[in-house]
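Protein chains in written order, with our numbering: chain A, 4 to 277; chain B, 6 to 456.
Quick reminder that beta carbons are idealized off the backbone N, C-alpha and C, glycines included.
Worksheet: one structure, shown below.
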């Protein structure tokens, strides 16, 4: 009797082993469940993110949007399933992913300036003990320029506005020159100028064939900024091109009976071509 | 009274008896300044406190073990080893409580701190009854005592201090990343758990070698005070580390010297008091974040804002009074100025006296004001800058026009002349009359708006 062959969860995703996950995708998630203290946050996530798309992750508070990103980055333990970056586990493809955490996740009253924070994006390539030199500073400066705040490079980070702090985090991810960017609420509480700058940046990255997965809270701008959307509420309600997936019906399924939010959603849907 | 010559002798290390003590304590101070910086930035200060209290049972147990093995019981390396082990046990218990229950960190730390300290006091009392050895002097680990060491002890303490300092400098980049953004560090593949353990190991090392001279109750102050003081002087991590090491080293040096000259004072308390004085001076006077320089900057900003408000209000009054041929410098009534702004009589008097002092005002009879030539010019300039800003904000940023006035004031007062001229260039490209654009949003009379 031939032995039963079990799929190795850490093996590169192979089209025969997982016919539903074609190989080489920027991000493929299979059967992902994450639980904190016995309470599941994400249930049975199946997700394929195609290359070169600007993807919004949308869902109510507590839907597990940030957790989904963190699970992809091995920052929270997975109860089951896997997430593959370009066909490999994250730890094999770290340099292909640029991570922009939530701005509130750090203490901004820290004795470093904007350039120092952006230069942290070069640490991985520098390796142990080597210090940031002119080359790394130049790279960081370029990234700051790309997000439009090169003139604030020497500014202590607590003296930056919320929007400028967000741009510093974006610049730190840009330094890596990754292929897939995971951004956790970059649009949260930023000024209009920063919002515009982030949109421009997303477009630039998109035009260079990069994939961006962005946790987004503003339903009104989803169809304007993103060509793909993942509707998430502990499970994936729907995922696909914005014009197909971002519908009243799907939003109702995502947000449930939260009527106030649905009114926002109705407002947002006015912008959708049907 | 202490002879001044003695003071000089001790401070300059000319006295053989105190040379080692002073030098070792200074090295300890440098190490605690460096390691303490990272402990502070990692927001783990309380953990250091729990750790130091958790060392006490180990001291007593190590003494008992050494005595029962037929050794002297007072050998410093043995006692410090015991202290390290029980400190680590305290840390592990703390982590265990935190990870297995849902108690908050401070509860776990408070528990470990008090329980281990209690056990320690009990163990010390018990070992004092042990036959064949005198445990007297073990209590000096609680409050610190520099005098009771031999040369090999100094060498042990000094070398651990040097190794701990060197390690924290070598791992500067890694510790910086860990302290600033742990989850990013983890996502980037840095072994954050190893770095965390290394940092706690350094804290343990500095705490343990600080026990002898500073004592376990005060050693946390020696770890935390120098970096906190240093933080007032700088916004850069590298300079904070250097300053913290200097402040820690100086506290150790001065504190050990003072306690050598006045042996009745407990060494630990003196060292920590010196650090405390340096902290107080930094908090009050440090230019970067000190309380007094900050208050002066606030006052200067407030004055600048008041001055510009006055000049702009005066100019808008003149504009209202003048005909279409242009704004002329005419006298205006104090009453109309008060209506423009809701100034208290005290504030108004101060603003007017500053304006007089700057030669912006000329005498114009009772209840009337008149700008001088330079005052008029300055008023025109201030008003022009302000309007350029307002126009810019309305045109370029999605800020509701009703919010513009306040924002414009802030930006204008903080950014100064250079940016304003840049804006001017921007605006002239867009064919907006620069010499004096009409106000998109004149100051409303406060009397009317209160209705």
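Quick one: list the residues of chain A neighbouring residue 192 (chain B), beta-carbon separation under 7 Å, in chain order.
In the second chain, residue 192 (chain B) corresponds to position 187, counting from 1. Residues of chain A passing the Cβ test: 76, 78 and 102.
Taking only runs of the beta strand (DSSP E) that begin and end inside the region 114 to 194 of chain B, which ones reach a length of at least 3 residues, in chain order?
For the region 114 to 194 of chain B, not a single whole beta strand (DSSP E) run of length 3 or above is found.
With 9 Å as the C-beta to C-beta threshold (strictly closer), list the residues of the region 112 to 134 of chain A near chain B in chain order.
Cβ contacts with chain B come from 113, 114, 115, 116, 119, 120, 123, 124, 126, 127, 129, 131, 132, 133 and 134.
Is residue 58 (chain B) helix, strand or coil by DSSP?
Position 53 of the second chain, counted from the first residue, corresponds to residue 58 (chain B). Correct three-state label for residue 58 (chain B): helix.
Per DSSP, what kind of secondary structure is residue 159 (chain A) in: helix, strand or coil?
For the purposes of this step, residue 159 (chain A) is identified with residue 156 of the first chain, where counting begins at 1. Strand.
DSSP three-state call for residue 12 (chain A): helix, strand or coil?
Translated into the one-based positions of the first chain, residue 12 (chain A) becomes position 9. Interpretation of residue 12 (chain A) is limited by its pLDDT of 49, a score under 50 that renders its predicted location unreliable; the figure taken from the coordinates is listed afterwards. DSSP places residue 12 (chain A) in coil when its eight states are reduced to three.
Are any of the Cβ atoms in chain A nearer than 7 Å to that of residue 185 (chain B)?
On the second chain, position 180 is the one that residue 185 (chain B) refers to. Yes, residue 185 (chain B) lies at the interface with chain A (some Cβ there is under 7 Å from its Cβ).
Identify the contact partners of residue 175 (chain B) in chain A, using a Cβ-Cβ distance below 7 Å as the criterion.
Within the second chain, the letter at position 170 stands for residue 175 (chain B). Simply 132.
Exposed or buried, what is residue 306 (chain B) when buried is set at 16 or more other beta-carbons lying within 10 Å of its beta-carbon?
Position 301 of the second chain holds residue 306 (chain B). The residue is exposed, with fewer than 16 neighbouring Cβ atoms inside 10 Å.
Report the residue ranges of all alpha helix (DSSP H) runs contained in full by the region 336 to 381 of chain B; include only those spanning at least 4 residues, in chain order.
The region 336 to 381 of chain B contains these whole alpha helix (DSSP H) runs: 339 to 345 and 350 to 362.
Quick check: what's the CA-CA separation for residue 46 (chain B) versus residue 118 (chain A)?
In the second chain, the residue the question calls residue 46 (chain B) occupies position 41. In the first chain, the residue the question calls residue 118 (chain A) occupies position 115. Each residue's alpha carbon lies about 19 Å from the other.
If you pair each beta-carbon of the region 180 to 199 of chain B with each one of the region 155 to 171 of chain B, do three or more pairs fall below 8 Å?
No, because fewer than three Cβ pairs between the region 180 to 199 of chain B and the region 155 to 171 of chain B fall closer than 8 Å, the two stretches do not touch.
Tell me where the beta strand (DSSP E) around residue 238 (chain A) begins and ends.
Here residue 238 (chain A) is taken as the residue at index 235 of the first chain, counted from 1. It spans 238 to 244 - the beta strand (DSSP E) in which residue 238 (chain A) sits, taken as one unbroken run.
For residue 245 (chain B), decide whether its Cβ has a neighbour in chain A, counting only Cβ atoms nearer than 7 Å.
Reading the second chain from its first residue, position 240 is the one you call residue 245 (chain B). It does: the Cβ of residue 245 (chain B) has a partner Cβ on chain A nearer than 7 Å.
With a threshold of 7 Å between beta carbons, is residue 188 (chain B) in contact with chain A?
To locate residue 188 (chain B), count along the second chain from 1; it is residue 183. Output row for residue 188 (chain B): interface = yes.
What are the residues of the region 20 to 50 of chain B that lie near chain A, defined by any Cβ-Cβ distance shorter than 8 Å?
Result list: 46 and 48.
Check whether the Cβ of residue 203 (chain B) lies closer than 7 Å to any Cβ atom in chain A.
Locating residue 203 (chain B) in the second chain gives position 198, where the first residue counts as 1. It does not; no Cβ of chain A falls within 7 Å.
Can you grab the Cα-Cα spacing for the pair residue 87 (chain A) / residue 104 (chain B), in whole Å?
The residue given as residue 87 (chain A) occupies position 84 in the first chain. The residue given as residue 104 (chain B) occupies position 99 in the second chain. Taking the straight line joining both Cα atoms gives about 29 Å.
So if DSSP puts residue 187 (chain A) in a beta bridge, which residue, or which two residues, is it bridged to?
Your numbering for residue 187 (chain A) matches position 184 in the first chain. Answer by DSSP bridge pairing, in chain order: A:218.
Within 7 Å of any Cβ in chain A, is that where the Cβ of residue 200 (chain B) sits?
One-based indexing of the second chain puts residue 200 (chain B) at position 195. Residue 200 (chain B) does not count as touching chain A.
Just the C-alpha distance for residue 20 (chain B) and residue 97 (chain B), rounded to the nearest angstrom, thanks.
Working through the second chain from its first residue, we reach residue 20 (chain B) at position 15. Working through the second chain from its first residue, we reach residue 97 (chain B) at position 92. When rounded, the distance between both Cα atoms is 43 Å.
Are the C-beta atoms of residue 240 (chain B) and some chain C residue less than 7 Å apart?
The question asks about chain C, but that chain is absent: this structure's protein chains are A and B.
CB-CB under 8 Å to residue 62 (chain B), same chain, minus the five flanking residues each way: which ones, in chain order?
Position 57 of the second chain, counted from the first residue, corresponds to residue 62 (chain B). If we look at residue 62 (chain B) and ignore the five residues flanking it on each side, its Cβ neighbours are 91, 121, 124, 125 and 128.
What residue range is occupied by the uninterrupted alpha helix (DSSP H) comprising residue 258 (chain A)?
As a working mapping, residue 258 (chain A) is identified with position 255 in the first chain. That run of the alpha helix (DSSP H) goes 251 to 258.
For a test of the three-state rule: what should DSSP assign to residue 407 (chain B), helix, strand or coil?
Along the second chain, read from residue 1 onward, the residue named residue 407 (chain B) stands at position 402. For residue 407 (chain B), the predicted model reports a pLDDT of 42, less than 50, meaning its position is unreliable and no value from the coordinates is stated.
Which residue's Cα is closest to the Cα of residue 472 (chain B): B:34, B:208, B:315 and B:259?
This structure cannot speak to residue 472 (chain B), because chain B is shown only from 6 to 456.
Just checking my contact of residue 62 (chain A) with residue 214 (chain A) at CB under 8 Å: how many whole Å lie between their CB atoms?
Numbered from 1 along the first chain, position 59 holds the residue referred to as residue 62 (chain A). Numbered from 1 along the first chain, position 211 holds the residue referred to as residue 214 (chain A). With 8 Å as the limit, residue 62 (chain A) and residue 214 (chain A) do not qualify as a contact, their Cβ atoms being about 20 Å apart.
Taking 7 Å as the cut-off, decide whether the C-beta atoms of residue 124 (chain A) and residue 178 (chain A) are in contact.
Translated into positions along the first chain, residue 124 (chain A) becomes position 121. Translated into positions along the first chain, residue 178 (chain A) becomes position 175. Result yes, Cβ atoms of residue 124 (chain A) and residue 178 (chain A) sit closer than 7 Å.
Using three-state DSSP, classify residue 412 (chain B) as helix, strand or coil.
In the second chain, counting from the first residue as 1, residue 412 (chain B) sits at position 407. For residue 412 (chain B), the pLDDT reaches just 47, beneath the cut-off of 50, and the residue's location in the model is therefore unreliable, although a value from the coordinates is still provided. Looking at residue 412 (chain B) - three-state DSSP - the assignment turns out to be helix.
For a test of your reading of the model: does the CB of residue 136 (chain B) fall under 6 Å from any non-hydrogen atom of the ligand FAD? Yes or no.
As presented, the structure is devoid of all ligands, the ligand FAD included, so that no description of it is given.
Please return the same chain residues whose Cβ sits closer than 6 Å to the Cβ of residue 291 (chain B), not counting the five positions on each side in sequence.
For the purposes of this step, residue 291 (chain B) is taken as residue 286 along the second chain, with counting starting at 1. Result list for residue 291 (chain B): 237 and 238, in chain order.
Decide if the region 177 to 194 of chain B is in contact with the region 9 to 16 of chain B; the criterion is three or more beta carbon pairs, one per stretch, under 8 Å apart.
No: fewer than three Cβ pairs fall under 8 Å.
Enumerated in chain order, which unbroken segments of the alpha helix (DSSP H) with a length of 4 residues or greater are wholly contained in the region 20 to 95 of chain B?
The qualifying runs are 21 to 46, 50 to 58 and 61 to 73.
I need the boundaries of the alpha helix (DSSP H) containing residue 297 (chain A), first residue and last residue.
Absent from the model: residue 297 (chain A). The displayed extent of chain A is 4 to 277, so no value can be given.
Where do the ends of the beta strand (DSSP E) carrying residue 43 (chain A) lie?
For the purposes of this step, residue 43 (chain A) is identified with residue 40 of the first chain, where counting begins at 1. Its beta strand (DSSP E) spans residues 42 to 52.
With H, G and I counted as helix, E and B as strand and the rest as coil, what does DSSP make of residue 89 (chain A)?
Position 86 of the first chain, counting from 1, holds the residue named residue 89 (chain A). Residue state, collapsed to three classes: coil.
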